[in-house]
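> Before I ask anything, here is the structure I am working with.
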Amino acid sequence: MKCPHCLVEINPNFSETFLYGDKESFWSIFTMNCPNSNCGKMIIDLASGEPYRDTRNQPWNGLKSIKFRQTIRPFASGRSPVPPEVDELFAKDYNEACLILTFSPKASAALSRRCLQNVLREKAGVKKSDLSNEIQQIIDSKLLPSYLSKSIDAIRNIGNFAAHPLKSTSTGEIIDVEIGEAEWLLDVLEALFDFYFVQPSILKTKRDALDKKLADIGKPPMK
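Read left to right, the sequence shown gives residues -16 to 206 (our numbering).
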């Protein structure tokens, strides 16, 4: 896992504090400090599920199965932050979709679909239509690598657009989602951000550096 504070890969080593239960479920707090010497901050998760006993007739002292678990310190999505190259128009919807994913996959997917539609319109230049048609436009344009085209096309299948046309025609609507749909939308948006924002920025930086070297030796810049 990645530490939600510093985003460095760490081995999870949580300690559990059992809180007992209420009418809804049984609860525990899981805590650990990030082992990264440059971080060291505490990570706190709240979880609920079924309890267990170490031996017969002993008090409950932990959860044997977890139905819900959410990081409450820091309150973050656990996904990598949006690269700084990404325009605020897209980053805002993506960040909110990440934050609410655990609490409401339906709301997260609605934000992601709206973000995807904005990316396709503003960066891919598709003609305004419903989302399904806009996805088809970018696939037909062959302007994307095949892996990205297939990933975007899969959104319609994973989301079962045929059975839920509102996902295509009213992208901001909060509608029931299929298993894995909300997560897949975020994965596809990350890939699109890399293609439309990050890689062009990296190439521009390299090109500018090369043009400077050419100028230093009296040669014209690259065409």
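Using N, Cα and C, we set each Cβ at its ideal position, and we do this for glycine too.
As the structure is a computational prediction, the values presented were derived from the model and not from experiment.
So, with DSSP's three-state summary, where would you put residue 1?
Locating residue 1 in the sequence shown gives position 18, counting from the first residue. Reduced to three states, the DSSP call for residue 1 is strand.
> Is it a yes or a no for the segment 132 to 141 touching the segment 81 to 88, going by three-plus beta-carbon pairs under 8 Å?
Segments in contact, no.
> Pick helix, strand or coil for residue 34, following the three-state DSSP scheme.
Position 51 of the sequence shown, counted from the start, is the residue given in the question as residue 34. Residue 34 falls in the strand class under three-state DSSP.
> So is residue 53 buried or exposed if we call it buried at 16+ other beta carbons inside 10 Å?
Within the sequence shown, the letter at position 70 stands for residue 53. Result: exposed.
> If you compare alpha carbons, which of 8, -5, 22, 101 is closest to residue 35?
Counting from 1 along the sequence shown, the entry for residue 35 is found at position 52. Residue 35 has its Cα closest to that of 8, out of 8, -5, 22, 101.
> With distance defined between alpha-carbon atoms, name the residue in 50, 104, 21, 125 nearest to residue 72.
Position 89 of the sequence shown, counted from the start, is the residue given in the question as residue 72. Of the listed residues, the one whose Cα sits closest to residue 72 is 104.
> Less than 7 Å between the beta carbons of residue 76 and residue 97, yes or no?
On the sequence shown, position 93 is the one that residue 76 refers to. On the sequence shown, position 114 is the one that residue 97 refers to. In this structure, residue 97 lies closer than 7 Å to residue 76 by Cβ.
> Given that a residue counts as buried once 16 or more other Cβ atoms are within 10 Å of its Cβ, and exposed if not, what is residue -6?
Working through the sequence shown from its first residue, we reach residue -6 at position 11. Exposed.
> Can the beta-carbon of residue 158 be found less than 7 Å from the beta-carbon of residue 169?
As a position in the sequence shown, residue 158 is number 175, starting the count at 1. As a position in the sequence shown, residue 169 is number 186, starting the count at 1. No, they are not a contact pair.
> Is the beta carbon of residue 181 less than 7 Å from the beta carbon of residue 66?
Position 198 of the sequence shown, counted from the first residue, corresponds to residue 181. Position 83 of the sequence shown, counted from the first residue, corresponds to residue 66. Yes, Cβ-Cβ distance for residue 181 and residue 66 is below 7 Å.
> Checking the sheet assignment: what are the DSSP bridge partners for residue -8?
Here residue -8 refers to the residue found at position 9 of the sequence shown. Bridge partners of residue -8: -15.
> My assumption, with CB atoms under 8 Å, is that residue 127 sits in contact with residue 118. Please give the rounded CB distance.
If you number the sequence shown from 1, residue 127 lands on position 144. If you number the sequence shown from 1, residue 118 lands on position 135. About 11 Å separates the two Cβ atoms, so there is no contact after all.
> Should residue 116 be labelled buried (16 or more other beta-carbon atoms within 10 Å of its own) or exposed?
Counted from its first residue, the sequence shown places residue 116 at position 133. Answer is exposed; the Cβ neighbour count stays below 16.
> Return the residue from the list -16, 173, 106, 202 that minimises the CA-CA distance to residue 80.
The sequence position of residue 80 within the sequence shown is 97, counting from 1. The residue with the shortest Cα to Cα distance from residue 80 is 173.
> In terms of residues, what are the limits of the beta strand (DSSP E) holding residue 63?
Taking the sequence shown and counting its residues from 1, one reaches residue 63 at position 80. First-last for residue 63: undefined, no H or E at that position.
> Rounding to the nearest angstrom, what Cα-Cα distance links residue -10 and residue 16 in this structure?
In the sequence shown, residue -10 corresponds to position 7, counting from 1. In the sequence shown, residue 16 corresponds to position 33, counting from 1. Straight-line Cα distance between these residues: approximately 13 Å.
> With a Cβ-Cβ cutoff of 7 Å, do residue 13 and residue 45 count as a contact?
Along the sequence shown, one-based indexing puts residue 13 at 30. Along the sequence shown, one-based indexing puts residue 45 at 62. Cβ distance not < 7 Å, so residue 13 and residue 45 don't count as in contact.
> CA-CA distance, residue 108 and residue 196?
As a first step, residue 108 is located in the sequence shown; it is residue number 125 there, counting from the start. As a first step, residue 196 is located in the sequence shown; it is residue number 213 there, counting from the start. So the alpha carbons of these two residues sit roughly 34 Å apart.
> With H, G and I counted as helix, E and B as strand and the rest as coil, what does DSSP make of residue 188?
Your numbering for residue 188 matches position 205 in the sequence shown. Helix.
> Report yes if the C-beta distance between residue 57 and residue 165 is below 7 Å; otherwise report no.
Counting from one through the sequence shown, the residue named residue 57 turns up at place 74. Counting from one through the sequence shown, the residue named residue 165 turns up at place 182. No, Cβ-Cβ distance for residue 57 and residue 165 is not below 7 Å.
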